[in-house]
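For the sequence shown, position 104 matches number 104 in the UniProt record's numbering, and the numbering has no gaps at all.
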Amino acid sequence: MSKAINMLSILRLLKTGKRMTAKQLAEELEINVRTVYRYIDALCASGVPIISDSGHNGGYSLLHEFIKAPLFFDVDEQKALIHAASFASEAGYPFSEVLNQAVTKLKKYTNPEQLEYINRHVIGFDVIQPPINSDLESLLQEIEESVAEGFTLLMKYQKGNESSPKSRSIDPYGLVYWKGNWYVIAYCHLRRELRSFRVNRIVSISRTGTEFERPVDFSARAFFLNGLLPDLDQSDQLISIHIEGHAHALDDLCQHWLFGHALTCRSKNHAHFKIDEQSINTYVPYYLLPYGKAINILEPLFLKERMVTVTSELVKHYQKS
């Protein structure tokens with residue numbers, strides 16, 4: 001019989017719930033004991049949680065819960081599925097609670113070694129998107145491995161206004177995908193502070209051999225967004241925005257990355273936000289425009305005036321075209 005048929009036969013025998021030795025499996029399938037060992041190793045590498053017990057009554061058996069599981073994945077497939085679940089959750093997927101239950105079930109059907117591998121490669125990812133090209137994929141892979149294993153990186157990094165790349169030593173804490181670009185959040189040894197670096201500006205990267213300890217419960221995404229969003233602790237520099245509207249429209253608005261961060265008070269048909277003046281003059285009108293008559297801006301007055309200006313400019317634009 002072929003290797004695949006023998007491996008499935010081993011899985012079928014173990015799914016009966018009986019503990020079987022390598023010798024018993026070899027005799028049942030009429031193959032060599034060493035071949036059984038190779039097939040057992042291959043099944044474990046494919047994600048099958050096989051338990052090996054030594055001693056007089058020892059042998060191979062399956063994790064009890066796995067006997068009821070119809071599918072299994074190898075560790076890279078498991079890691080990819082959990083990464084995808086993380087991205088879907090961040091993107092506002094409406095069934096995130098059920099999705100988390102599925103991820104929990106996926107982790108349940110792994111052995112301790114597989115689970116440890118998956119967790120190591122998940123901690124640094126807050127938002128996941130497909131790599132753009134092979135060079136970028138290679139950089140992301142190296143950074144991901146270093147985040148998971150805690151290795152300091154030496155990189156050559158070139159800003160847009162620099163004529164040549166400069167060397168930087170960093171401790172990578174995580175990766176974030178934001179508006180078409182990847183960013184690595186890392187402790188910069190040169191600046192002695194946490195900073196974000198555009199991955200597509202990294203010319204080369206290598207491990208130094210030095211290890212570091214990543215802060216517990218650190219969120220790369222939270223750090224990155226805090227650098228973009230207004231500081232609510234400095235409320236005296238922010239402007240209050242009061243919006244009324246249909247509940248479903250306000251629900252959707254409050255899930256937006258900017259408005260969700262700036263929300264200070266919410267009732268069914270009213271929402272209060274505090275946002276800086278520059279954002280109100282630039283981004284906010286365009287974010288509010290698609291809601292049309294579903295919302296009404298009560299204050300500030302200059303935001304209502306800005307909405308009129310933006311709408312009038314759009315009318316003129318389409319009248320000319």
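Idealized CB from N, CA, C, for every residue including glycine.
The beta carbons of His242 and Leu298 sit closer together than 8 Å. The beta carbon of Phe224 lies closer than 7 Å to those of Val176, Trp178, Tyr183, Ile185 and Ser196 in the same chain, with the five residues before and after it left out. Each residue's CA atom was taken as its position, placing Leu29 and Thr35 some 11 Å apart.
Nearest Cα to Ala222 within the set Trp257, Lys268, Leu25 and Ile202: Trp257.
The Cβ atoms of Val199 and Gly174 lie no closer than 8 Å to each other. With a cutoff of 8 Å on beta-carbon distance, Arg207 and Phe259 are scored as not near each other. Bounds of any beta strand (DSSP E) do not take in Pro215, whose DSSP letter is neither H nor E.
In summary, Ile205 is buried, with 16 or more beta-carbon neighbours lying within 10 Å of its beta-carbon over all protein chains present. In the three-state scheme derived from DSSP, where H, G and I count as helix and E and B as strand, Pro285 is classed as helix. A Cβ-Cβ contact shorter than 8 Å links Ile170 with Cys188. The C-alpha of Gln24 is placed about 15 Å away from the C-alpha of Gly55. Taking C-beta atoms as the reference points, Ala262 and Ala294 fail to come closer than 8 Å. Annotated three-state conformation of Leu62 is strand, per DSSP. Between the C-alpha atoms of Leu314 and Ala271 there is a straight-line separation of about 27 Å. Annotated three-state conformation of His261 is helix, per DSSP.
When secondary structure is reduced to three states using DSSP, Glu28 falls in the helix class. Boundaries of the alpha helix (DSSP H) harbouring His317: Leu301 to Lys320, taken from the DSSP string.
Bounds of the alpha helix (DSSP H) holding Lys3 are Lys3 to Leu14. In this structure, the beta-carbon distance from Gly59 to Met20 falls below 8 Å.
Gly292 carries a helical assignment under DSSP once its states are collapsed to helix, strand and coil. Closest by C-alpha distance to Thr16, out of Leu63, Asp41 and Ile31, is Leu63.
Closest option to Asn32, judged by alpha-carbon separation, among Ile51, Cys265 and Lys3: Lys3.
Close CB contacts of Asn296 within its chain, under the 8 Å cut and outside five residues either way in sequence, are with Ile243, Glu244 and Gly245 (chain order).
By the CB criterion at 8 Å, Ile51 and Cys44 fall outside the cutoff.
In this structure, the beta-carbon distance from Leu238 to Ile275 falls below 8 Å.
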